[in-house]
Every structure is written in C-alpha cells, then in structure tokens.
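Taking the numbering used here, the leading residue of the sequence shown gets 1, the next gets one more, and so forth. Virtual Cβ for every residue (Gly too), placed ideally from N, Cα, C.
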Amino acid sequence: MAAPRTTVWKLDPHTKAKHDLLKHYLGGWFPVLSSYNGRIVFLDGFAGPGRYESGEPGSPLIALETLLSHSHFSKMKCEFLFFFCEAKKDRFESLTEQIAGFKEAHQPWPDNVKIQLIHSEFSETATSLIEYLRTQKKRLAPTFAFVDPFGFSGLPMRLLADLLSFASCELFVNYMVDHVNRFATAGNVDHHLDDLFGTSEYKNVGVTAGQSRQQFLHDLYERQLSEVCKFRFVQSFAMINKTGHIAYYLFHGTRDVKGVELMKDAMWKVDPGGGFQFSDRLAGQDVLFTEEAVDTEPLRQALLERYKGRRVSIAVLEQFTLINTPYRKTHLRKPVLTPLEREGIIQVERPGRSGFPAGTWVTFP
Ligand SMILES: C[S@@+](CC[C@H](N)C(=O)[O-])C[C@H]1O[C@@H](n2cnc3c(N)ncnc32)[C@H](O)[C@@H]1O
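If you want it as structure tokens, here you go:
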C-alpha cells in the first residue's frame with residue numbers, strides 16, 4: 001500500500017490477515033522460547049500508531065495481548081522485552097498513548113513484561129543495539145523481529161544479518177515486491193535497493209528468460225536471507241489480493257525446525273477472509289492455504305518424485321513435508337500416505353497394526 005499521510009489509517013483485509021498470522025505464531029513462539037530462556041525479545045521495527053482508524057489494534061498491542069491473555073502466561077517465568085520502534089513523531093505519540101492505555105487496562109502490570117518505546121528509525125535503533133551488545137560483549141536474547149515497512153527503505157540486509165546473528169533470532173518481514181519491481185531498473189533509488197538486498201544483482205531483473213520479474217525478485221531476496229542472514233530455513237508466502245495479484249510476500253527466517261512448524265501452522269490456521277489468500281508453490285503448482293478441501297496432490301507428486309525407488313522412514317517424510325513443501329505434518333498421513341497405500345502404490349512396514357507411527361518405513365515404487 002502507498003504510505004498514508006495521516007497518523008492512523010484504515011485496516012485493510014490483508015493487514016488483518018498479517019495480524020492474525022502474527023497472533024497465531026506468537027501464541028506458539030512465546031511458550032516454546034520462554035520455557036528454556038531467561039529473557040526473550042519481541043522487536044517491532046516499524047511499529048505504527050498502535051491502532052487503526054476504527055480502533056483495531058496494531059501489531060504492538062497484538063503482540064502484548066497475545067502474551068498477556070495466553071493460557072500459559074502465569075507459567076512463563078522468563079522476562080519479556082518488547083521494543084517498539086516508530087520513526088514518525090505523530091505516530092510515535094499515538095503509539096505511546098495506546099501503550100499507556102493498554103497498561104492501565106492490564107493492572108497490576110506483570111513485573112516480567114518490559115516495554116521500551118523508541119522514537120527513531122529502525123536502522124538507527126538496530127545499529128545502536130548492535131553497538132551496545134558489542135561493547136558489552138553480549139549477544140541478543142532470542143528475538144522475534146517483525147519488520148513491516150510501507151516500502152523498501154530502512155531495512156538493510158546486512159543490518160538484519162548483524163542484529164539477528166544469534167541462533168535463536170527470527171525474522172518476519174513484509175517484502176513489498178510490487179514496489180521493488182517498479183523501481184528495480186529505474187536507477188533513481190539504487191542505494192535503497194542495494195541496502196535492501198545486500199547486493200546489486202536486482203538490476204538483472206528481466207534478464208533471465210522464462211522467469212517473471214516478480215519471481216526473480218522473490219528468489220533473490222530469499223537467497224540473500226539464507227546466505228547473508230544465515231537463516232537455515234526461509235519460508236515465503238504470497239499475499240494474493242482479490243484480483244489474483246500478489247500484494248506482497250511475507251518472509252519468515254528461522255534456524256529452528258520448530259519455527260518452521262509453528263509458522264506453517266499459523267499460515268494454515270488463518271482464515272484468508274476478504275478474498276485474500278496465501279499461497280506458496282510446489283513443483284510449479286500454487287498451493288493455497290485454505291483449510292477447506294486442501295488439495296494435497298502436489299504433496300503426493302512431490303513425495304513420489306523425491307523418494308522414487310527408495311525405502312524411507314516416516315520421520316524423513318515428515319521432515320521433508322515440513323521443510324521442503326508448503327504443507328503441514330497433518331497433511332502427510334491421512335490425506336496422502338493412506339490413499340497411496342490403499343491404491344497399492346507404496347509398501348508400508350509398521351510396528352503396530354495400523355497408521356503410520358514412529359518406526360514406520362515406507363517403500364516407494
Ligand atoms: C506498515 S506501518 C506498520 C504497521 C504496524 N506494524 C502494524 O502492523 O500495526 C509502517 C510504519 O513504519 C513507520 N516508519 C516508516 N519508516 C520508518 C523507519 N525507517 N523506521 C521506523 N519506522 C518507520 C511508519 O510511520 C509507519 O507507522
């Protein structure tokens with residue numbers, strides 16, 4: 001979307017879907033991370049004014065509410081540190097007011113939840129945080145960084161890499177591919193694009209035959225997140241609007257399989273509503289994230305292709321489904337393996353009499 005000039009603006013359906021994703025993901029991330037860390041951080045780099053035009057909560061309030069209303073909150077003993085960074089003065093003031101109101105409504109405020117409001121550009125905040133950690137010879141606590149700009153300036157790849165270098169840090173970034181596409185070969189904002197990608201290879205957009213400009217820009221950003229930021233797992237989801245056009249991509253970078261699992265679950269849970277859909281691609285086919293009548297044919301084909309003539313354990317098939325396809329673990333057994341066995345296509349050796357429990361081996365034709 002184009003950046004509004006007003007302090008607050010209308011909540012549109014894809015922003016609502018993005019918020020639902022954030023809520024679902026944090027609902028799983030908070031308890032997992034807090035169970036084996038003394039402190040965890042949620043960093044909202046482009047925090048916004050706190051609420052939308054009709055009073056709907058923005059990302060900072062959503063993150064706080066998700067934690068405080070969590071059914072396991074009283075059992076989470078670690079310290080939660082929330083950094084909310086907003087550059088624009090009027091929006092920062094609005095955010096400050098909204099957070100104060102939220103705290104007032106949640107008295108007595110829990111001692112282990114700390115909020116830091118920062119009126120500055122994300123890149124300045126990140127640079128001083130890195131500097132501070134360097135001088136203190138400390139590393140960032142496990143951090144979930146939500147980076148949600150209007151355009152593509154102010155989120156340099158190398159800065160994200162420095163900030164999120166510690167193993168348990170994750171990134172959830174809104175990548176405005178449409179804007180990038182428009183400016184990639186214009187030549188007038190190359191310094192921003194160089195920063196965004198950490199390379200100038202975006203200038204080759206349109207050169208590769210048989211690949212759309214959007215796909216090229218998607219793949220380049222994905223590659224940079226894994227190579228520069230060293231995220232072992234990078235998932236992306238296209239947010240498709242009512243006209244079937246990609247509004248933007250959400251990229252999630254993590255180094256933990258559990259993170260992949262949680263994000264997949266969040267994606268499949270969110271009701272796309274309002275005509276918006278999420279999609280990912282497998283074997284050149286779009287996989288849409290709508291729970292009703294999930295089409296698992298691309299998963300079936302991918303498994304048959306990948307494990308042709310091999311005998312593999314159920315654990316390997318689960319891992320492949322989770323990491324190499326857009327599907328969740330729950331899409332593997334009943335929707336795909338059961339029919340494959342019934343049709344006599346796969347041979348199954350199982351420890352019990354039915355199902356695909358741990359210890360099961362599957363032979364593919
Ligand atoms: C898309 S909005 C964020 C919405 C918010 N994350 C939410 O979901 O409710 C982007 C916000 O970033 C702010 N902003 C723009 N450039 C910035 C920068 N360089 N650093 C920090 N904030 C910035 C804008 O004023 C705007 O409020």
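Item                                                                                                                        : Value
Distance CB(residue 95)-CB(residue 66) smaller than 8 Å                                                                     : no
Per DSSP, cross-strand counterpart(s) of residue 145                                                                        : 43, 171
Residue 169 CB to nearest heavy atom of ligand 1 below 7 Å                                                                  : no
Local Cβ density within 10 Å of residue 40, reported as buried at 16 or more and exposed below that                         : buried
Residues of its chain near residue 37, where Cβ-Cβ distance is below 6 Å and the 5 sequence neighbours each way are ignored : 78, 142
The stretch 12–20 touching the stretch 227–243, judged by at least three CB pairs closer than 8 Å                           : yes
Sequence-distant residues of its chain with Cβ nearer than 7 Å to residue 19 (five each side left out)                      : 59, 62
Three-state secondary structure assigned by DSSP to residue 240                                                             : strand
Stretch pair the stretch 185–205 + the stretch 213–233: three plus CB contacts closer than 8 Å                              : yes
The stretch 168–180 touching the stretch 78–94, judged by at least three CB pairs closer than 8 Å                           : no
Residue 267 versus 360, 328, 317, residue with shortest Cα-Cα distance                                                      : 328
Separation of residue 215 from residue 202, as counted between CA atoms                                                     : 11 Å
Terminal residues of the alpha helix (DSSP H) in which residue 114 lies                                                     : Where residue 114 is concerned, there is no enclosing alpha helix (DSSP H), although the beta strand (DSSP E) it sits in stretches over 113–118.
Rounded C-alpha distance that separates residue 350 from residue 332                                                        : 16 Å
Reduced DSSP category for residue 200 - H, G, I as helix; E, B as strand; rest coil                                         : coil
Proximal residues to residue 330 (C-beta, below 6 Å), its chain only, five neighbours per side dropped                      : none
C-alpha gap between residue 250 and residue 136, whole angstroms                                                            : 33 Å
For residue 249, three-class secondary structure by DSSP                                                                    : strand
Distance between beta carbons of residue 121 and residue 151, contact taken as under 8 Å                                    : Wrong, their Cβ atoms sit about 13 Å apart, outside the cutoff.
Contact under 8 Å by Cβ, residue 146 with residue 119                                                                       : no
Cα-Cα separation, residue 300 to residue 247                                                                                : 29 Å
Given residue 99 as reference, the closest of 48, 204, 76, 54 once Cα atoms are compared                                    : 48
Which of helix, strand or coil DSSP assigns to residue 15                                                                   : helix
8 Å contact criterion, which residue 172 and residue 252 should meet: CB distance rounded                                   : 5 Å
Residue from 326, 304, 295 whose Cα sits closest to the Cα of residue 264                                                   : 326
Cβ-heavy atom distance, residue 47 to ligand 3, below 7 Å                                                                   : Ligands displayed in this structure: ligand 1; ligand 3 is not among them.
Identified DSSP bridge partners for residue 363                                                                             : 311, 347
Residue(s) in a DSSP beta bridge with residue 57                                                                            : 51
Burial state of residue 219 (16 or more Cβ within 10 Å)                                                                     : exposed
Distance between residue 34 and residue 256 (C-alpha atoms, nearest Å)                                                      : 15 Å
Reduced DSSP category for residue 79 - H, G, I as helix; E, B as strand; rest coil                                          : strand
Residue environment, residue 234, which counts as buried when at least 16 other CB atoms sit within 10 Å                    : buried
Local Cβ density within 10 Å of residue 87, reported as buried at 16 or more and exposed below that                         : buried
Strand pairing of residue 254, partner residues [DSSP]                                                                      : 233
Unbroken alpha helix (DSSP H) run spanning residue 300, endpoints                                                           : 297–306
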